[in-house]
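Read the structure below first, then the notes.
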Amino acid sequence: MFVDSVDILLSSGKGGTGCVSFWTEKFVAYGGPDGGDGGKGGNVYFVVDNNTDTLSALRGRNHIRAENGQPGEGRKCYGRKGQSVDIIVPPGTQVVDALTDEVLYDLVEEGQRVLFLEGGKGGLGNSHFKSPSNQRPTYAQPGLPGVTKELRLEMKMIADVGLVGYPSVGKSTLISAISNARPKVAAYEFTTLTPNLGVVNVGDYDSFMMADIPGIIEGASDGRGLGHEFLKHIERTKTLLLLVDAANYREMKYQYETLLVELERYSEALAGRNFAVAITKCDSFPVEKVNELTEQFLEDINLKPNKILQKFKAKKEYTSYGFEEDFGVELPKNEPLFVLPISSVSHLNTESLRYSLKNFVVAVNSEQKED
Numbered sequence: 001m002f003v004d005s006v007d008i009l010l011s012s013g014k015g016g017t018g019c020v021s022f023w024t025e026k027f028v029a030y031g032g033p034d035g036g037d038g039g040k041g042g043n044v045y046f047v048v049d050n051n052t053d054t055l056s057a058l059r060g061r062n063h064i065r066a067e068n069g070q071p072g073e074g075r076k077c078y079g080r081k082g083q084s085v086d087i088i089v090p091p092g093t094q095v096v097d098a099l100t101d102e103v104l105y106d107l108v109e110e111g112q113r114v115l116f117l118e119g120g121k122g123g124l125g126n127s128h129f130k131s132p133s134n135q136r137p138t139y140a141q142p143g144l145p146g147v148t149k150e151l152r153l154e155m156k157m158i159a160d161v162g163l164v165g166y167p168s169v170g171k172s173t174l175i176s177a178i179s180n181a182r183p184k185v186a187a188y189e190f191t192t193l194t195p196n197l198g199v200v201n202v203g204d205y206d207s208f209m210m211a212d213i214p215g216i217i218e219g220a221s222d223g224r225g226l227g228h229e230f231l232k233h234i235e236r237t238k239t240l241l242l243l244v245d246a247a248n249y250r251e252m253k254y255q256y257e258t259l260l261v262e263l264e265r266y267s268e269a270l271a272g273r274n275f276a277v278a279i280t281k282c283d284s285f286p287v288e289k290v291n292e293l294t295e296q297f298l299e300d301i302n303l304k305p306n307k308i309l310q311k312f313k314a315k316k317e318y319t320s321y322g323f324e325e326d327f328g329v330e331l332p333k334n335e336p337l338f339v340l341p342i343s344s345v346s347h348l349n350t351e352s353l354r355y356s357l358k359n360f361v362v363a364v365n366s367e368q369k370e371d
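In the UniProt record's numbering, the protein residues as written are 1 to 371.
This is the structure in C-alpha cells:
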C-alpha cells in the first residue's frame, strides 16, 4: 500500500534513577555510600533508506517510544542505557511539527542519520553526595524525563523528470515504455491512483529518474480529482514533461494551458520549473496529420520556431521542435524546451525523447550549479 503521509507520536526514553546503597562487607565497619548512577534514556533517530519507498511501515504505529534507562545498582554499578529507536524513512521525507506546521527536517540524502529526540539523563547515585559533613546520604537523583513530540511525516518523491498531464493521456504507458517501472495501464481515466518512479537508462552508464503522478484535471489545485493530493510529489523534480493528448476530446491548447494554470495555482515554484512538451498517441493519425497538429499547437500557444527553437533530431517524417542537440543555450522560462510528437505503443520518437530528456536534465543541473 502506498502511504505518503502519517501522523506519529515519538518519545525518547526516560533516564534511570540513581541508587541509594551502602557498602556492606565483613570486617568493613564503615563501607560508605556506593549507589550507582541510572542509565541514560534511549534516543530517537531518523534514518534515510533508499530501499524504502513509502511510509507504510509507520502506519498504525501511533506512539513509538525509545527504551527507558535502567536504575543504578549498589557497588557503584551504573544502570544500562536505554535502547535507541531508528525511524526508517524514504528519501524526500519532511518531518513537520503537527502543532505548528513547522518543517523541522527535510531528509533527502541516502544514509542520512539525524538525532531527533535525546533521551533523559540518568540520575546520580548517593555515592556522589557524600561529604565530610554528610557521610551517609540517603537520597539519589531521579532520572530526567524523555521528550515527546507530535509529528506529521510527509514524503515527496525525488526525481529528475516529472510527468504531468490529464488522466489517460499516456503517462503510465510512457514511463513503462522507457523506464523499468511497470505501473498499471488501462483504457480508462484515473488508472494511476498512486505515484510511480522509474529509472530511465540512457546508454550503458547514464540514467535519470522519472516520476508519474495521477492525472490532473481542472480544479486539481483546489482539491478536485487526485491531482492535489499527489502534486507534492513533483515539487522536488528538476524538470517537468507536460503530456498533451492528440486524440483527446479536449483541445491540445486547452490541455496545455490548464496544466500550466493548475501548476501555478498549486505552487509558484513548481510553475517556474523548466519543462518540455510531448504530444502523445500520435500513432492514431497519419504522418501528415501529426505534423499539421504539431504546427497548429505551436501556433496556438504563440511558440513559433526561431533561431533558438528549431527542428531537432527525431524521426525524419515527423516535425519536432526544440533546442540544439547540445542544449548549450540559456533555458527559457515558461516556454517549453522542446515539443515532440511521440507514441509509447509504437515507440515513435521514444528514443529521441529519452536522450532529449537526459540532455535537458544535464543542462538544468549545470544551470543550477552556476546559480
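C-beta atoms are modelled at their ideal positions from N, C-alpha and C, and glycine is treated no differently.
Going by DSSP in three states, residue 54 sits in which element: helix, strand or coil?
coil
Apart from the five residues on each side of it in sequence, which residues of its chain come closer than 7 angstroms, Cβ to Cβ, to residue 180?
198, 199
Which first and last residues belong to the alpha helix (DSSP H) in which residue 276 is found?
Not the alpha helix (DSSP H): residue 276 falls in the beta strand (DSSP E), residues 274–280.
Evaluate contact between the region 241–253 and the region 152–166, counting only Cβ atoms and requiring at least three cross-stretch pairs below 8 angstroms.
yes
At which residue ranges does the region 141–210 contain complete alpha helix (DSSP H) runs of 4 or more residues, listed in the order of the chain?
171–178
When burial is assigned at 16 or more other CB atoms within 10 Å of the CB, is residue 136 buried or exposed?
exposed
Would you kindly work out how many angstroms separate the C-alpha atoms of residue 176 and residue 240, rounded to a whole number?
17 angstroms
Nearest-angstrom Cα distance between residue 256 and residue 250?
10 angstroms
Under a three-way DSSP split, which group does residue 124 fall into?
coil
Using the C-alpha atoms, what's the distance from residue 22 back to residue 98?
48 angstroms
On the DSSP bridge list, what partners appear for residue 134?
131
Which one of 343, 28, 45, 273 has the shortest CA to CA distance from residue 363?
273
Just grab the DSSP bridge partners of residue 59 for me.
The partner list for residue 59 (beta bridge, DSSP) is empty, contrary to what the question assumes.
Determine the contact status of residue 234 and residue 162, defining contact as a CB-CB distance below 7 angstroms.
yes
Can you tell me the Cα-Cα spacing of residue 299 and residue 206, whole angstroms?
35 angstroms
Give me the Cα-Cα distance between residue 336 and residue 288, rounded to the nearest whole angstrom.
23 angstroms
Whole-angstrom Cβ separation of residue 10 and residue 44, contact assumed at under 8 angstroms?
5 angstroms
Am I right that residue 154 and residue 96 are in contact with their C-beta atoms under 8 angstroms? What's the rounded C-beta distance?
6 angstroms
Once DSSP output is grouped into helix, strand and coil, what is the label at residue 107?
strand
From which residue to which residue does the alpha helix (DSSP H) around residue 17 run?
No alpha helix (DSSP H) holds residue 17; DSSP gives it neither H nor E.
Go ahead and pull the three-state DSSP assignment for residue 94.
strand
Burial state of residue 27 (16 or more Cβ within 10 Å)
exposed
Measuring alpha carbon to alpha carbon, tell me which of 79, 87, 356, 354 ends up nearest residue 114.
87
On a Cα-Cα basis, can you pick out the residue from 352, 122, 53, 293 that is closest to residue 108?
53
Ends of the alpha helix (DSSP H) at residue 266?
252–266
What would DSSP say about residue 45, mapped onto helix, strand or coil?
strand
Cβ-heavy atom distance between residue 32 and the ligand ATP below 6 angstroms?
This structure does not include the ligand ATP; it has no bound ligands of any sort.
Going by CA-CA distance only, name the one from 170, 269, 76 that's closest to residue 129.
76
Short check: CB of residue 277 to CB of residue 202, under 7 angstroms?
no
Mind checking which residues open and close the alpha helix (DSSP H) that includes residue 294?
287–300
Using 7 angstroms as the threshold, is the C-beta distance between residue 79 and residue 123 below it?
no
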